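Remarks on the structure that follows.
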Amino acid sequence: MTGAPTVSDTPWLDQDGQKPLVQIKGVTKKYGDVTAVDNVDLDIYQGELFCLLGGSGCGKSTLLRMLAGFESLNGGSITIDGMDMADVPAYERPTNMMFQSYALFPHMSVEKNIAFGLQQDRVPKNDIVDRVHDILTLVELQDFKKRKPQQLSGGQRQRVALARALVKQPKLLLLDEPLAALDKKLRKQTQFELANIQEKVGVTFIVVTHDQEEAMTLSSRMAVMDAGRFQQIGTPTEIYEFPDSRFVADFIGSANFFEGRVTEDSSDHVRVQTDVAEVYIDHGQSVLVGSKIWVALRPEKIQIVKTDEPVSGPNTVNGVVDDIGYLGETSIYKVALPNGQIVDVTAPNQSRPTSETPRITWEEKVAISWEPSSVMLLNA
Amino acid sequence: MSDAAAQTAPAATPETKPLMQRIRRKLQNNWRSIVVMVPFAWLLIFFLAPFFIVAKISLAELAIASPPFTKMIEWADSGIMTIRIVFDNFTYIFEDDLYLNTYLNSLKISTTSTFLCLLFGYPIAYAIVRSGPVAKPVLLFLIILPFWTSFLLRVYAWMGLLADQGTINNLLISLGLIDEPIRMLYTEFAVYVGIVYTYMPFMILPLYANMEKLDGSLNEAAADLGSRPTNTFFKVTLPLTLPGIIAGCLLVFIPATGEYVIPDLLGGGNVNMIGRVLYNEFSRNSDWPVAAAVAIVLLFLLVLPIMVFQYFQGKASEAS
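In the order they appear, the protein sequences are chains R and D. Each residue of the first sequence is one higher than the last, beginning at 69 in this note's numbering. Each residue of the second sequence is one higher than the last, beginning at 1125 in this note's numbering.
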């Protein structure tokens, strides 16, 4: 090994690189009859910003609290940096957590809140002063160090909580809904800030969130959780463009679903006959000919044109505009297909509508179509 | 004539109407200060006025009269007013060791009892806060339950428990643990038992109210930052429950210092507390002026901790 290990952008693909920092194996948590986390496996690598995404009660926070040491395991094991965490209490783990409520000590100033963790490690006084100063500079709160948490705004408190968790330079930083308490504008801005800070300090982050946009913006990889299990693990692009189940396709963004039967399966394309149209897919994915299958289409990947002519052939179908939603940057068209199914189509509003430009309006006859590469084949 | 009447009649209405309106408006504008007046009036009538009466008596001399003290203001036949103020009662109290020792003994007993209440009450309050949603209201109810029985009755019950032939001694003898009854009733021990038992809810309830507001995630945050449970208690939990501790201690300390019934019934003649002395002066000796002086000194002894409390409260509100 030479010097510091270089961290690749995609450590999870780098099989003969380093060992995973966090290894979660068969972890299960039960509360009475309810299984909160159900036999999950996950490897997280040094330098990742990993998001656990899911609705409330999906088990994402429980998993995070098990990593922090606040919840015991009913089965399986958690290994952090090669060390089994089974008998390690929360106060001895190489992890730090940023709480959803921030959990700042109300009787201590910003400075003392941040120094608290270092004092527990018996760091020399001068070092504490320096490190607190450095971390306050990083989160741009130097001028507020004497304030009490109650005297800060929500965004400032959030940064103090982050600084307090980061100052101990943990191997793993756990963030429970770090941006949930901020208002929408500040949240968007802070998303990027958080990702920048993570890049600067190089600490591995695990972020729990219910907000898919937050997960997509922040994460290098993410896991979609439901009912205590991982539904899919991958990069934001993989999850969005290649969801492998109806649940994931529906949970992340929105999707139109069609059920059909596989009529042809070759190495470079698949044909599926649905009751609205034939769907031609130009990416090979081996499926059983004759089997029933679900395909999905993202609303923004469907083109819509005004036409009275009947269309034929694969990947296109006639319809009638049932409803329109004007969102400003885009419009949503709800198109009724011949079989009665309503399909969502979004189109960007690239020019200002004027009286001269022909616009698609209610009850208008249209045709929708899509690229063969845009179709998502769902396995479940 | 009729013309004049017709002219003045309509003029009268606009003049009375503004008056009514003015009163109503005055009430509306000043209702805040009127509402605030109520507690002030209450304190004036039931606290400040009696205090001045007692203060006045403490500056009088014992006299064979009814009431048994000299008047402060007297009018001589010639119409000259004389004011008599004597500090003899106070000098008497401070010169006689009996009073000084009794004050000190009262303070010793109330301080120790307060400390014992805190020692037992703190973990009890903490346990109630931490208990489940079913147990919590039951436990709180049990803390409040003794108030539904007469205080005097409960003290008599302790007499029955602690007496030489009482329940505890009989039980211990029948179990063969002791041969002779242990003397408990009419000792300082019995007074401590009585005070700690009686005032425990006054310690637990403010502590409970304070701890209930504590954010449990603060303990987790401390643990997460590497703090062991004992350290977390002293660095996080204890400082944050300080207002509850102060409130509970005052609620126990102040009434315990002036306690009369418990030392009288459970301590017999063996435990001297200032409440008993006060009662004796007032009732047996009929020496109202000395009794009043004893009460005034006691009051100033108790005002001190209140001022300390307010100082702490002021500091706390300054911080937040």
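C-beta: ideal position from N, C-alpha, C; glycine also. Only a predicted model underlies this, so the values are computations on that prediction, with no experimental measurement involved.
Cβ neighbour criterion (16 or more within 10 Å) applied to residue i
i	result
F1170(D)	exposed
V200(R)	buried
K236(R)	buried
T1381(D)	buried
V1160(D)	exposed
L446(R)	buried
W1155(D)	exposed
K360(R)	exposed
L356(R)	exposed
R232(R)	buried
I1398(D)	buried
S380(R)	exposed
R255(R)	buried
N181(R)	buried
M1144(D)	exposed
F1176(D)	exposed
A1173(D)	exposed
V1258(D)	exposed
K128(R)	buried
T422(R)	exposed
L1276(D)	exposed
Of the residues the options, the one placed nearest residue i, counting alpha carbons only
i	options	result
K97(R)	A295(R), G328(R), L121(R)	A295(R)
S437(R)	A415(R), E267(R), L241(R)	A415(R)
F310(R)	I349(R), I274(R), S177(R)	I349(R)
P440(R)	I392(R), P382(R), R427(R)	P382(R)
L1349(D)	Q257(R), A229(R), A248(R), E267(R)	A229(R)
A136(R)	S177(R), L121(R), D106(R), V90(R)	V90(R)
P469(R)	M1283(D), P1192(D), K1180(D), L1338(D)	One cannot answer for residue 469(R) here, as it falls past the ends of chain R, which runs 69 to 448.
A1184(D)	A1200(D), N1213(D), Q1437(D)	N1213(D)
F1193(D)	K1180(D), L1240(D), W1199(D)	K1180(D)
I392(R)	F138(R), Y401(R), V385(R), T303(R)	Y401(R)
Heavy atom of the ligand SAH within 7 angstroms of residue i beta-carbon
i	result
L1243(D)	With respect to the ligand SAH, the structure shown offers nothing to examine, as it has no ligands at all.
Three-way DSSP call (helix, strand, coil) for residue i in this model
i	result
W430(R)	coil
K93(R)	strand
V411(R)	strand
A1135(D)	Interpretation of A1135(D) is limited by its pLDDT of 48, a score under 50 that renders its predicted location unreliable; the figure taken from the coordinates is listed afterwards. Helix at A1135(D).
W1166(D)	helix
Q1437(D)	helix
N194(R)	helix
P1142(D)	helix
I392(R)	strand
E116(R)	coil
F1176(D)	helix
L1349(D)	coil
A104(R)	strand
F371(R)	Contrary to the premise, residue 371(R) reads as Gln rather than Phe in this sequence. Looking at Q371(R) - three-state DSSP - the assignment turns out to be strand.
P73(R)	Any reading at P73(R) needs caution, since the residue's pLDDT is 45, under 50, leaving its predicted position unreliable; the model's value is listed next. Correct three-state label for P73(R): coil.
T1365(D)	helix
D1127(D)	Here the model assigns D1127(D) a pLDDT of 48, short of 50, so the residue's position is not dependable and the matter cannot be decided.
E1336(D)	helix
L1428(D)	helix
N324(R)	strand
Y170(R)	coil
For residue i: DSSP bridge partner residues
i	result
G387(R)	V434(R)
A291(R)	L120(R), I301(R)
V340(R)	V330(R), V347(R)
L1224(D)	None, per the DSSP bridge assignment.
F273(R)	L117(R), L241(R)
F1193(D)	L1186(D)
E1198(D)	T1206(D)
D152(R)	T147(R)
S399(R)	Y394(R), A415(R)
Along the segment 1191-1202 of chain D, what residues have a CB closer than 9 angstroms to any CB found in chain R?
none
| field | Residues of the segment 1332-1349 of chain D with Cβ closer than 8 angstroms to any Cβ of chain R, in chain order | value | D1339, S1341, L1342, E1344, A1345, A1346, A1347, D1348, L1349
task: Closer than 7 angstroms, Cβ to Cβ, to anything on chain D: give me those residues from the segment 237-263 of chain R, in chain order.
output: none
*Report the residues of the segment 1357-1391 of chain D with a CB closer than 9 angstroms to any CB of chain R, ordered along the chain.*
K1359, V1360, P1363, L1364, L1366
Selection of the segment 174-202 of chain R by Cβ proximity to chain D, strictly under 8 angstroms
P174, H175, F184, G185, Q188, D189
- Message: Closer than 7 angstroms between beta carbons: that is the criterion. Which residues of the segment 119-138 of chain R meet it against chain D?
- Response: A136, F138
### Message
To be precise: take each residue of the segment 85-117 of chain R, compare its Cβ to all Cβ atoms of chain D, and keep it if any distance is under 8 angstroms. Which residues remain?
### Response
none
| query | For the segment 1254-1273 of chain D, which residues have a beta carbon sitting closer than 7 angstroms to at least one beta carbon of chain R? | reply | none
Practice task
Could you name the residues of the segment 156-169 of chain R whose beta carbon sits closer than 7 angstroms to any beta carbon of chain D, in the order they occur along the chain?
Solution key: A158, Y159, N164, M165, F167, S169
Going along the segment 1140-1157 of chain D in order, which residues come within less than 8 angstroms of chain R, judged by CB to CB distance?
-> none
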